[in-house]
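Chemist: What follows is a single structure, and I will ask about it in a moment.
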Amino acid sequence: MSYLWLRGNVYWFRMRCPKKYSSVHEREYITQSLNTDSRSLAQNLAQKVRLDWLNELQARAFQGHSPRSDAAYKSTIGLAVANDVAPQTASELAQGPLNDLIKRIEKLVQLDPNGVSARFAADLGGFELPEMTLLQVAGKMPDLCPDKVVSKNYRQARNWHNRYKRAAETFSTTIGDKPLKDISEDDAHDYRRVWQDRVKQREVSTEYANKHFGYIRTMIDTFYSDLEVNKYVNPFLGLKLSEKAAWEKTQDPNRKPEFTPNWIRSTIINGDLLGHLNSQARDILTICAETGCRQTEIFDLPASAIRLDAEIPHILVRIEEDGEHKREIKNQSSRRTVPLVGSALRALQRNPLGFDRYRGKEGFSDTVMKFFKDNSLLPSPDHKISGLRHRFESRMRHASVSNEDRGYMMGHSMKKIRGREVYGDETSLKIRALFAEMVSFQTPYWKPRSPTEILQIVDNLLIAEGFRVKD
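Note that UniProt numbering has the sequence shown beginning at 1, numbered continuously upward.
As structure tokens, then:
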């Protein structure tokens with residue numbers, strides 16, 4: 001559609017007004033002279049005029065129905081930017097050079113003597129920040145930060161979203177559900193005192209309180225960033241509880257207890273005590289115990305990350321960005337190739353497509369912990385499933401696997417382990433499989449070679465590649 005109308009020797013723009021904008025533009029047709037007799041030039045101008053009018057009509061509609069909404073704010077600001085006008089509030093214009101204000105008014109009067117155009121609001125600061133509350137911003141966080149959830153599965157996205165909703169709900173309950181733009185530094189410090197009291201009462205830790213401050217700080221930054229506001233004050237900037245409470249300082253280090261090798265062998269690898277636990281949960285536990293992987297790294301596995309037919313069977317712990325089985329992992333260091341031997345390999349062979357019962361869902365940890373508690377299988381109330389991962393590293397340490405090789409196996413940050421930048425190749429998958437065999441439990445259908453034999457094989461592999469090893 002060309003939208004061109006020739007009147008005499010001059011081309012005009014002519015478009016039927018969309019019905020949804022009939023309340024802000026009474027005439028059936030929108031017309032505007034293009035001031036040219038050149039058809040090719042008129043065609044180019046018509047497209048810009050059409051977009052300008054659509055922006056204009058949208059801004060009028062939002063200003064009329066919800067002037068304090070984020071849509072009205074964005075459309076009004078967008079109208080100013082589209083017409084090469086720097087958006088400024090009325091107070092900013094009033095404090096600026098008088099000549100600049102006069103020029104804006106003169107231009108607008110020339111453009112629209114009747115003062116109907118939404119440009120008057122856009123160019124003269126007739127816009128206000130939306131009256132959105134922290135609760136409303138929290139509800140929109142996935143839409144405001146799409147890059148943060150693009151690789152998350154349902155469970156991960158829900159957990160990510162809930163942290164902001166909890167923080168907003170707590171703020172609303174204690175301080176009030178006021179518009180975010182009206183949150184003051186006094187409000188922030190009042191909120192800080194609320195959490196300080198909760199820490200003193202041993203309800204929460206200092207670390208937990210500071211996380212809540214961070215979530216609110218992020219929501220405030222996100223609110224202004226979405227509106228493209230560059231100058232604002234975030235009252236939560238730098239706000240935190242700087243010192244731990246006295247009771248926290250006297251506590252023992254929060255080290256999670258590990259399961260003993262005997263407990264792992266008799267309870268998980270043997271499997272007789274888990275007979276009434278569903279088969280997928282049993283196999284996930286087995287793989288966690290024999291690979292040191294986090295439980296989410298196993299039950300979120302897509303079929304594409306399971307390589308059972310490879311020369312050395314393995315799984316790929318990595319970010320999955322596409323498809324129904326997308327997932328994130330804890331951090332970049334967690335990305336690794338994990339060899340499968342012994343009972344871990346057998347468990348994956350029973351589940352070659354992964355674990356559809358738990359993939360991307362809640363429930364695995366609760367199901368397993370309830371089973372353990374109901375059957376009195378836990379060594380202590382403090383034991384958690386994550387203790388399997390910690391014990392796997394301890395098993396490697398007691399088998400004299402180096403700190404760096406353990407780091408590669410566990411997906412730890414090598415930069416932190418070395419205390420410097422990381423150079424060189426990772427430990428090969430073939431050698432990792434040997435380290436895994438060295439600490440894996442014997443089963444009725446598989447027996448690992450002796451540590452001495454395995455270490456000799458490792459040395460032979462390194463020598464074959466040209467490395468020098470200790471005698």
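Backbone N, C-alpha and C define an ideal beta-carbon position, used for all residues, glycine too.
Computed from a predicted structure; not experimentally measured.
Kindly confirm or deny that the stretch 386-406 and the stretch 298-309 touch, where touching means at least three C-beta pairs closer than 8 Å.
Modeler: Segments in contact, no.
Chemist: Starting from A385, trace the alpha helix (DSSP H) in both directions and tell me its first and last residue.
Modeler: As a first step, residue 385 must be located in the sequence shown, where it is residue number 385. Per the sequence shown, residue 385 should be read as Ile rather than Ala. From DSSP, I385 is part of no alpha helix (DSSP H); its letter is neither H nor E.
Chemist: How is the beta strand (DSSP E) around Q32 delimited, first residue to last?
Modeler: Residue numbering aside, residue 32 sits at position 32 when the sequence shown is read from its first letter. Looking at the DSSP string, the run of the beta strand (DSSP E) that includes Q32 is Y29 to S33.
Chemist: Curious, which full-length alpha helix (DSSP H) runs of at least 4 residues does the stretch 121-183 contain?
Modeler: As far as the stretch 121-183 is concerned, its whole alpha helix (DSSP H) runs of at least 4 residues are 134-144, 146-149 and 154-174.
Chemist: Three-state secondary structure (DSSP) at V439?
Modeler: The residue given as residue 439 occupies position 439 in the sequence shown. Helix, per DSSP.
Chemist: Quick one: using the 10 Å Cβ neighbour count with 16 as the cut-off for buried, is Q456 buried or exposed?
Modeler: Counted from its first residue, the sequence shown places residue 456 at position 456. It is exposed - the Cβ of Q456 has fewer than 16 other Cβ atoms within 10 Å.
Chemist: Let me know if R432 comes out buried or exposed under the rule of 16 or more other beta-carbons within 10 Å of its beta-carbon.
Modeler: Walking along the sequence shown from the start, residue 432 turns up at place 432. So R432 ends up on the buried side.
Chemist: Does the ligand SAM have a heavy atom nearer than 8 Å to the CB of K361?
Modeler: With respect to small molecules bound, the structure shown includes none, and the ligand SAM cannot be examined in it.
Chemist: Going by beta-carbon coordinates alone, are N210 and D221 separated by less than 9 Å?
Modeler: Within the sequence shown, numbered from 1, the residue matching residue 210 stands at position 210. Within the sequence shown, numbered from 1, the residue matching residue 221 stands at position 221. Not closer than 9 Å, so no.
Chemist: Which of the three DSSP states, helix, strand or coil, is assigned to L6?
Modeler: Taking the first residue of the sequence shown as position 1, residue 6 is located at position 6. Three-state DSSP puts L6 in a strand.
Chemist: Please say whether F435 and I264 have beta carbons closer to each other than 9 Å?
Modeler: Looking up residue 264 in the sequence shown gives position 264. Looking up residue 435 in the sequence shown gives position 435. Not a contact, by the Cβ cut-off of 9 Å.
Chemist: Do P18 and L51 have their CB atoms nearer than 9 Å?
Modeler: By one-based count along the sequence shown, residue 18 stands at place 18. By one-based count along the sequence shown, residue 51 stands at place 51. No, they are not a contact pair.
Chemist: What does the alpha-carbon distance come out to for the pair L348 and G354?
Modeler: By 1-based counting over the sequence shown, the position of residue 348 is 348. By 1-based counting over the sequence shown, the position of residue 354 is 354. Roughly 7 Å between the two C-alpha positions.
Chemist: DSSP puts L316 in a beta bridge; with which residues?
Modeler: What you label residue 316 is simply residue 316 of the sequence shown in a count that begins at 1. According to DSSP, which records beta bridges pairwise, L316 is partnered with T337.
Chemist: Leaving out five residues on either side along the sequence, give the residues of the same chain with a beta carbon under 8 Å from the beta carbon of W195.
Modeler: As a working note, residue 195 is residue 195 in the sequence shown. Correct list, in chain order: V204, A209, H212, F213 and L241.
Chemist: Quick test of your reading: I454 and E437, contact by CB under 8 Å. State the CB separation rounded to the nearest angstrom.
Modeler: Taking the sequence shown and counting its residues from 1, the one referred to as residue 454 is at position 454. Taking the sequence shown and counting its residues from 1, the one referred to as residue 437 is at position 437. Between E437 and I454 the Cβ distance is about 6 Å, and since that is below 8 Å, they are a contact.
Chemist: Quick check on the DSSP output: the alpha helix (DSSP H) that includes G214 runs from which residue to which?
Modeler: Residue mapping note: residue 214 aligns to position 214 of the sequence shown, counting from 1. First-last of the alpha helix (DSSP H) with G214: T206 to D226.
Chemist: Could you tell me whether the Cβ atoms of V199 and E248 are closer together than 9 Å?
Modeler: The residue labelled residue 199 in the question sits at position 199 within the sequence shown. The residue labelled residue 248 in the question sits at position 248 within the sequence shown. It is a contact, given that the beta carbons lie within the stated cut-off.
Chemist: Taking contact to mean at least 3 C-beta pairs separated by less than 8 Å, is the stretch 159-177 in contact with the stretch 133-141?
Modeler: The stretch 159-177 vs the stretch 133-141: in contact.
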